[in-house]
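Since the structure comes first, as structure tokens, the remarks are kept for the end.
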Amino acid sequence: MAMSQNSNSGGGVKAEPNVTPMIDVMLVLLIIFMVVTPALLAGFNAQPPQGQNLKDHPEDAELDQVLGIDKDGAYYLNKKPVAKTAIEAEIKRIYEARTV
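Residue numbers (my numbering): 29 to 128.
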């Protein structure tokens, strides 16, 4: 006697999940974590490059001019209070005195 098949199957598609791609992805992730974890535990030691020309240049400080205005509207030229009407004359005096 032959084995009888279920008559309800009707030749339809069987719904069986294909887990092979999921297993492949999980194995790749496992390998990545196995490689990365020791690197994270060891840390990353970086040596920044040493800078050049680290000396201050005091000769440039004489040429720098800073005009500041505080929240109250007071003006400062090189950290010294200056009247608003005298700013133009002070700046002209500073730049006319320059030899550079």
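No residue lacks a Cβ here, since even glycine has one placed at the ideal position from N, Cα and C.
Residue i (DSSP reduced to helix, strand or coil)
| i | result |
| --- | --- |
| K108 | strand |
| E44 | coil |
| L82 | coil |
| L91 | coil |
Rounded straight-line distance, which links the Cα of residue j to that of residue i
| i | j | result |
| --- | --- | --- |
| Y103 | A117 | 14 Å |
| F72 | V63 | 15 Å |
Contacts around residue i, its chain only, beta-carbon distance under 7 Å, and the 5 residues preceding and following it disregarded
| i | result |
| --- | --- |
| P49 | none |
| V110 | Y103, Y104, E118 |
Cut-off 8 Å between Cβ atoms - residues of its own chain near residue i, not counting five sequence neighbours on either side
| i | result |
| --- | --- |
| K107 | V94, G96 |
Cross-strand partners of residue i (DSSP beta bridge)
| i | result |
| --- | --- |
| G96 | Y104 |
Nonlocal neighbours in the same chain, by C-beta distance under 6 Å from residue i, ignoring five residues either side
| i | result |
| --- | --- |
| G101 | none |
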